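Engineer: Taking our numbering, the leading residue of the sequence shown gets -17, the next gets one more, and so forth. Got a structure here, written out as structure tokens. Questions coming.
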Amino acid sequence: MEGLLPVSAATLVSFTLASLLIELTPGPNMTYLALVAAQEGRRKGYATVAGVALGLAVIGFAAAFGVAELVQASPLLYEGLRWAGVVFLLFLAWDGWRGGVDVVAEAGRSAAGEKYFARGLITNLLNPKAAVFYVAVLPTFLEAGRPPLAQTLSLTTAYVVVATLVHVLIVTLAGALEPVLNDARRERLARRVLSGLLALVAVWFGWSTAR
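In structure tokens:
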């Protein structure tokens, strides 16, 4: 029966553990999700998580059909995505730095979560490291004798599920700070600390993705 499945149970478990370790490493998604949840509330944080999940899925499915390999093989495309990602992260940090001062009031408004969904999506579509993961790391878990496309799609789904669960946890924990940040001064300080961290992550992102 197991031979009929896209991947073996052992491979799925080992890949899931590897994905969990990767997602627990601080990066752009983790920092930005904490910023949104603490400043804007869990609702908008979860909307951002949904955008991140879609972005990871799109890149993964594109990698399954060879698109990500083109990005990896083309210095121009890779550098374009890399610098666009750095600039976008810096924009998000600046936007968070100059944001509003009343978290609870902001979270209570009906401002659409679409903006946060779109930002989560864009941060991943502009992340060449996600493409590199699908091209360089995921294939090492593929097993001989099983359809490679089915395996790739299955492992991509597993990775998106793991990443989404981690991101939901981050938003849930960071969102717990929202009542504490009802004081304008505390909110401003926390927002600017997180925005500063996001700016540092953007710089680190630019350095770590350089070839």
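Each residue gets a CB set at the ideal place from its N, CA and C atoms; glycine is no exception. Everything numeric in this text was worked out from a predicted model, so none of it was measured.
#1: Taking the continuous alpha helix (DSSP H) assigned at residue 154, which residues delimit it?
#2: Where does residue 127 sit, in a helix, a strand or coil, going by DSSP?
#3: Would you say residue 27 and residue 19 are within 8 Å of each other, going by their C-beta atoms?
#4: Okay, do the stretch 176 to 186 and the stretch 40 to 48 touch, 3+ Cβ pairs below 8 Å being the bar?
#5: Could you give the DSSP three-state label for residue 182: helix, strand or coil?
#6: Could you check where the alpha helix (DSSP H) with residue 24 kicks off and where it finishes?
#7: Compute the Euclidean distance between the alpha carbons of residue 33 and residue 126, then round it to the nearest angstrom.
#8: Rank -7, 15, 117 by C-alpha distance to the C-alpha of residue 146 and give the top, closest one.
#9: Which stretch, first to last residue, makes up the alpha helix (DSSP H) that contains residue 1?
#10: What separation, rounded to the nearest whole angstrom, lies between the Cα atoms of residue -6 and residue 103?
Structural biologist: In terms of the structure at hand:
#1: Where residue 154 is concerned, the enclosing alpha helix (DSSP H) stretches over 130 to 157.
#2: Coil.
#3: Cβ distance < 8 Å, so residue 27 and residue 19 count as in contact.
#4: Under the 8 Å Cβ criterion, the stretch 176 to 186 does not count as touching the stretch 40 to 48, having fewer than three qualifying pairs.
#5: Looking at residue 182 - three-state DSSP - the assignment turns out to be helix.
#6: Start and end: 24 to 46.
#7: Their backbone Cα atoms lie some 33 Å apart in a straight line.
#8: With distances taken between Cα atoms, residue 146 lies closest to 15.
#9: That run of the alpha helix (DSSP H) goes -9 to 5.
#10: Between residue -6 and residue 103, the C-alpha separation is close to 26 Å.
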